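Number of protein chains: 2
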Amino acid sequence: MINKLIKKIEESKAPIVVGLDPMLDYIPEQILKEAYQDKGENLEGAAEAIWRYNKGIIDAVYDLIPAVKPQIAMYEQFGLEGLRVYKQTIDYCKEKDLLVIGDIKRGDIGSTSMAYATGHLGKVRIGGREYRGFDEDFITVNPYLGSDGILPFIEVGKEEKKGMFILVKTSNPSSGEFQDQRVGDKSLYELVGHKVAEWGELHMGDSYSYVGAVVGATYPEVGKMLRRIMPKAYILVPGYGAQGGKAEDLVHYFNKDGLGAIVNSSRGIIAAYKQKGYEKFGPLNFADASRQAVLNMKEDLKNAWSTR
Amino acid sequence: MINKLIKKIEESKAPIVVGLDPMLDYIPEQILKEAYQDKGENLEGAAEAIWRYNKGIIDAVYDLIPAVKPQIAMYEQFGLEGLRVYKQTIDYCKEKDLLVIGDIKRGDIGSTSMAYATGHLGKVRIGGREYRGFDEDFITVNPYLGSDGILPFIEVGKEEKKGMFILVKTSNPSSGEFQDQRVGDKSLYELVGHKVAEWGELHMGDSYSYVGAVVGATYPEVGKMLRRIMPKAYILVPGYGAQGGKAEDLVHYFNKDGLGAIVNSSRGIIAAYKQKGYEKFGPLNFADASRQAVLNMKEDLKNAWSTR
Chain A
1 MINKLIKKIE ESKAPIVVGL DPMLDYIPEQ ILKEAYQDKG ENLEGAAEAI WRYNKGIIDA
61 VYDLIPAVKP QIAMYEQFGL EGLRVYKQTI DYCKEKDLLV IGDIKRGDIG STSMAYATGH
121 LGKVRIGGRE YRGFDEDFIT VNPYLGSDGI LPFIEVGKEE KKGMFILVKT SNPSSGEFQD
181 QRVGDKSLYE LVGHKVAEWG ELHMGDSYSY VGAVVGATYP EVGKMLRRIM PKAYILVPGY
241 GAQGGKAEDL VHYFNKDGLG AIVNSSRGII AAYKQKGYEK FGPLNFADAS RQAVLNMKED
301 LKNAWSTR
Chain B
1001 MINKLIKKIE ESKAPIVVGL DPMLDYIPEQ ILKEAYQDKG ENLEGAAEAI WRYNKGIIDA
1061 VYDLIPAVKP QIAMYEQFGL EGLRVYKQTI DYCKEKDLLV IGDIKRGDIG STSMAYATGH
1121 LGKVRIGGRE YRGFDEDFIT VNPYLGSDGI LPFIEVGKEE KKGMFILVKT SNPSSGEFQD
1181 QRVGDKSLYE LVGHKVAEWG ELHMGDSYSY VGAVVGATYP EVGKMLRRIM PKAYILVPGY
1241 GAQGGKAEDL VHYFNKDGLG AIVNSSRGII AAYKQKGYEK FGPLNFADAS RQAVLNMKED
1301 LKNAWSTR
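Residue numbers (our numbering), protein chains in the order written: chain A, 1 to 308; chain B, 1001 to 1308.
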């Protein structure tokens, strides 16, 4: 899948992942109304509205991008109905040949991490057959529990040729509270970065590892340093746009081959129609606004790259 | 809920939480067979078997203990069907007046942590009404993203009078890789412990905080130190029994008032019938074996306490 991700990035010339992180207040009134009429103004109706909204966006952008990143929390908040739509969204994206990065930030001790790996990347054996739970192509993983929390994901990833992005330096304002602490002559995120590079050797694709890293767009100097520490790790970069990350800051997250990073935008694309510069689309054409936002982001990254 | 947890611990004289972490190979053949006959040898049948197994154990132990801790990963590995049974288990335990600690180890940046908090502790507004997703009483939370990943859980916790246990020092062998790193004159877990104490002040019950900590039974010296750093935090202690934690090591996780800690056992209780000393029960009486294992654990902790 890492080879496929790279191939799709090269073909689309768009190192972009669209974050499918729907909030009810992003969804146009008309869609909400119809979903509530059909399924009730309840968890099922809300989940249905999210599904219709997602489908509109996916249909409008799938030919432009290599991958999507649904944030499972946004579905989990609606309980089982939300998770049903999380799965429906994954399946639909895969039908459209999009790679799916499940932003699940799971991580636990050995046998429990193995259960998460089984449910999200692998398959579970029941009697004589095997079944898949959520079946993402990649997931995000939290490293706080150390190697024995990570290795089960790598084990299942190797069997399935699937991958993961491990949190190294996150994009939020307080990420430094623990991640920036000095540990000897390094910061904690550097130490985690070195481990990501080490774990990455265990599960290599052709040129990059299946074990990537999450490094927020909001800390460009850190991105530059981590790029050197983990030369073979793909970096998933959240924080572009709404959170303040700028394209010119992101060029150093890439390697000289123009590869090695994929930039996420969520709100900036899926709720583009609500933003400055996209007023002309209006709520009914929210998906066209999302398409335009992807094209604009692609251009923005290309321009930044050309001035590198 | 923290006051209720303490009241129930005092009444039951059992600072014990039973980890409902079912694996298919714990489940007696007869239950598996019947569930597969009724629902099919597939994800639905497996989930049904887990439900029947859980129900047997809950019915056998609910009057002895204050709380249960279902590990969501063990359900999530069966996809949506598994999560349906996770929810069914929560609802049934609450009917039995057990407190439910969802071992979900979630944690993300602001709005995403808020979505997790909403789905697991709070309620989501849909049109004019509010709905609950999973509705645990407490959850476990991962601190790697810092304060803005934690505060949303506290915010929702305050509204709902619900709580959380934040990972400080986990019970697994490699927990030290990051958690033990020296940060100035402290280790990282101490630093996280100090933050837990600080966050705890924001959401206090009568004598203890709604913000507790996870500290593994396998590192007793660390438990002793963290007990001092976080005097008002309830400590959830995994790692007793199967993972090697001994009762005499655990007494220092408690305060002098005999409160302040609750010890988890999962496999040692739910799969007791498979263990040495419980052979006489046999697979059909797995639930009676679990009841005996709870009684034995209660005695073990009491004896250890008396030699403190």
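Idealized CB from N, CA, C, for every residue including glycine.
Every value quoted in this text rests on a predicted model; they were computed, and no experiment measured them.
- Item | Nearest-angstrom beta carbon gap, V1237 (chain B) and V1211 (chain B) [assumed within contact, 8 Å] | A Cβ-Cβ separation of about 16 Å leaves V1211 (chain B) out of contact with V1237 (chain B) under the 8 Å criterion.
- Task: Taking only beta-carbon positions, decide if P70 (chain A) is within less than 9 Å of chain B.
- Result: Closer than 9 Å: no.
- Quick one: does the C-beta of R1182 (chain B) sit closer than 8 Å to a heavy atom of the ligand SAM? With respect to small molecules bound, the structure shown includes none, and the ligand SAM cannot be examined in it.
- Counting only the same chain and skipping the five closest in sequence on each side, list residues whose C-beta sits under 8 Å from that of G1268 (chain B). Closer than 8 Å at the Cβ level, and outside the excluded window around G1268 (chain B), lie Y1240, G1241, A1242, Q1275, A1293, M1297.
- Starting from K1169 (chain B), follow the beta strand (DSSP E) in both directions and report where the run begins and ends. Counting along the chain, the unbroken beta strand (DSSP E) around K1169 (chain B) starts and ends at 1163-1169.
- Contact check, A217 (chain A) vs L226 (chain A) under 8 Å by CB: the rounded distance? With 8 Å as the limit, A217 (chain A) and L226 (chain A) do not qualify as a contact, their Cβ atoms being about 12 Å apart.
- Beta-carbon gap between Q1071 (chain B) and D108 (chain A) smaller than 9 Å: Cβ distance < 9 Å, so Q1071 (chain B) and D108 (chain A) count as in contact.
- With C-beta atoms as the reference, is I1027 (chain B) less than 9 Å away from Y1062 (chain B)? The answer is no: Cβ separation not under 9 Å.
- Message: Let me make sure I understand the geometry here. Which of A:I16, A:G282, A:E190 has the alpha-carbon closest to that of F1178 (chain B)?
- Response: Comparing C-alpha distances from F1178 (chain B) to each of A:I16, A:G282, A:E190 shows the shortest one belongs to A:E190.
- Between L1020 (chain B) and D1185 (chain B), what straight-line distance do the alpha-carbon atoms span, to the nearest angstrom? Taking the straight line joining both Cα atoms gives about 38 Å.
- Message: I need the boundaries of the beta strand (DSSP E) containing Y131 (chain A), first residue and last residue.
- Response: Unbroken beta strand (DSSP E) run through Y131 (chain A): 129-131.
- Query: Looking at I262 (chain A) and Y219 (chain A), is the spacing between their C-beta atoms short of 9 Å?
  - Reply: Cβ atoms of Y219 (chain A) and I262 (chain A): not closer than 9 Å.
- Spatial distance of F1138 (chain B) from W199 (chain A) (CA atoms): Each residue's Cα considered, the two are about 33 Å apart.
- Can you grab the Cα-Cα spacing for the pair L1032 (chain B) / K246 (chain A), in whole Å? Those two C-alpha atoms are separated by around 55 Å.
- Query: At which residues does the beta strand (DSSP E) containing K232 (chain A) begin and terminate?
  - Reply: Taken as a continuous stretch (DSSP letters only), K232 (chain A) belongs to no beta strand (DSSP E), as it is neither H nor E.
- Roughly how many angstroms separate the alpha carbons of Q37 (chain A) and K1280 (chain B), rounded to a whole number? Straight-line Cα distance between these residues: approximately 58 Å.
- Establish whether the CB of T118 (chain A) and some CB of chain B are separated by less than 9 Å. Cβ-Cβ to chain B under 9 Å: yes for T118 (chain A).
- Do the CB positions of A67 (chain A) and I101 (chain A) come within less than 9 Å of each other? At the C-beta level, A67 (chain A) and I101 (chain A) come within 9 Å of one another.
- Query: In chain C, which residues lie with their C-beta within 7 Å of the C-beta of G1127 (chain B)?
  - Reply: Checking the listed chains, one finds no chain C in this structure; the protein chains it contains are A and B.
- Message: To be precise: take each residue of the segment 1153-1181 of chain B, compare its Cβ to all Cβ atoms of chain A, and keep it if any distance is under 8 Å. Which residues remain?
- Response: For the segment 1153-1181 of chain B, the beta-carbon criterion of a distance under 8 Å to any beta-carbon of chain A is satisfied by L1167, T1170, S1171, N1172, P1173, S1174, S1175, G1176, E1177, F1178, Q1179, Q1181.
- Message: Quick check on DSSP: helix, strand or coil for Q1030 (chain B)?
- Response: Helix, per DSSP.
- Would you verify that the beta carbon of S111 (chain A) is, or is not, closer than 9 Å to some beta carbon of chain B? Yes, because at least one Cβ of chain B sits closer than 9 Å to the Cβ of S111 (chain A).
- Item | Minimum Cβ-Cβ distance from R308 (chain A) to chain B less than 9 Å | By this cut-off, R308 (chain A) is not an interface position.
- Message: Taking the alpha-carbon of D1103 (chain B) as reference, which of B:L1250, B:I1065, B:V1017, B:I1126 has the nearest alpha-carbon?
- Response: Checked all of B:L1250, B:I1065, B:V1017, B:I1126; the closest Cα to D1103 (chain B) is B:V1017.
- Item | the segment 166-178 of chain A touching the segment 127-145 of chain A, judged by at least three CB pairs closer than 8 Å | Taking one beta carbon from each stretch, the segment 166-178 of chain A and the segment 127-145 of chain A have 3 or more pairs nearer than 8 Å; the two touch.
- Query: chain A partners of L1191 (chain B), CB-CB under 9 Å?
  - Reply: Those are E177, F178, Q181, listed as they occur along chain A.
- Hey, E1081 (chain B) and A1047 (chain B) are a contact pair by Cβ (cut 8 Å); roughly how many whole angstroms apart? That belief holds up - the Cβ atoms of E1081 (chain B) and A1047 (chain B) are roughly 4 Å apart, short of 8 Å.
- Query: Are A14 (chain A) and A35 (chain A) close, meaning C-beta to C-beta below 9 Å?
  - Reply: Cβ atoms of A14 (chain A) and A35 (chain A): not closer than 9 Å.
- Message: Going by DSSP in three states, K1302 (chain B) sits in which element: helix, strand or coil?
- Response: DSSP places K1302 (chain B) in helix when its eight states are reduced to three.
- Measure the alpha-carbon distance for R228 (chain A) versus L259 (chain A) and round it to whole angstroms. Taking the straight line from one Cα to the other gives about 13 Å.
- Where N1142 (chain B) meets chain A, residues with beta-carbon distance less than 7 Å: Correct list: G107, N142, Y144.
- Message: Is there a C-beta anywhere in chain B that falls below 9 Å from the one on M74 (chain A)?
- Response: By this cut-off, M74 (chain A) is an interface position.
- Message: As a quick exercise: from B:G1176, B:A1197, B:V1196, pick the residue whose alpha carbon is nearest that of S1187 (chain B).
- Response: If we check each option's Cα against that of S1187 (chain B), B:G1176 comes out closest.
- Message: Taking only three categories from DSSP, how would you classify G1260 (chain B)?
- Response: Here G1260 (chain B) sits in coil by DSSP.
- Message: So, for S111 (chain A): in the same chain, excluding its five sequence neighbours on each side, which residues have a beta-carbon less than 7 Å away from its beta-carbon?
- Response: By the criterion of a C-beta distance shorter than 7 Å, S111 (chain A) is surrounded by no residue of its chain, once the five residues flanking it on both sides are discounted.
- Query: What does K87 (chain A) touch in chain B if you count any residue whose Cβ is under 9 Å from its own?
  - Reply: Result: G1079, L1080.
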